[in-house]
Amino acid sequence: MLLQVDGSPHDWLEGRGPRLCLVGGIDDATNHVPAAVFRRQEDIEGYFTVLRQVVKTKGIPLSLYHDKHTIFLSPKKEAESIEGQLAGERPLTQVGRALLELGITSIPADSPEAKGRIERLWRTFQDRLTTELRLAEATTLEEAQVVLRRFLRHYNHRFVVPAAEAESAYRPVDPDLDLATVFCLKHTRTVGRDNVVQFKRRRLQILPSCERTSYARTRVQVHERMN
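Numbering (the numbering used here), first residue to last: 68 to 294.
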């Protein structure tokens, strides 16, 4: 019912390689860690990777508990749309938009202490996982990922506890849902008079279709996939 997520920047490789950030989540009811990934820094792609793994292997959680990082909450006080401004809403971040599309309730924590379960998890990992990385002589992000996958299997086998109710609260995923269209960066653009969209120093030509020959001045959405 509740998945706590966070990032832990730490010298995981103890000077043998780059400083990394561990992004992951923990099931509030069972202590199960369904997914985690090492990143160069705490970023959108890290959370997308973790959430996609959770959705693929467990299902869609009911709610996500997180800090007030700008990855989750926009620093802007008002929404970009007129409707959002009238409602007093903030514009959605990319992660916030993905949670909304999946029907996951976003719950921001008011303090680090409120996220006690995942904070304790990071303290445990900074002891045990760091030791495993040292024993494996991991020096790169890729080598750390291999050790992390092995470590998570052993950790979950040993420390997961039964939930109060055995039935899973994760919701099943619609088989027609393309997760790549959820866990991507979405940008709204206006098509030029020449049927071209300007995007990150690129010109994307929109070809005519059976429905219409011109898309000039149309608002479109550009999807930037993780690959």
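All C-beta atoms, glycine included, are put in the ideal place defined by N, C-alpha and C.
Taking Ile185 as the centre and dropping the five residues before and after it, the same chain places the C-beta of Gln71, Asp73, Ile93 closer than 6 angstroms to its C-beta, in chain order. Per DSSP, reduced to three states, the secondary structure at His136 is coil, with no helix or strand assignment.
Asp94 has Leu70 as its beta-bridge partners, per DSSP.
Note that the stretch 259-276 does not touch the stretch 222-233; fewer than 3 beta-carbon pairs, one per stretch, sit closer than 8 angstroms. Ser173 is bridged by DSSP to Leu131. Classified as buried, Gln161 has 16 or more neighbouring CB atoms from the shown chains inside 10 Å of its CB.
The Cβ-Cβ distance between Arg157 and Lys135 does not fall below 8 angstroms. Secondary structure of Pro76 (DSSP, three-state): strand.
With fewer than 16 other beta carbons inside 10 angstroms of its own, Val227 counts as exposed.
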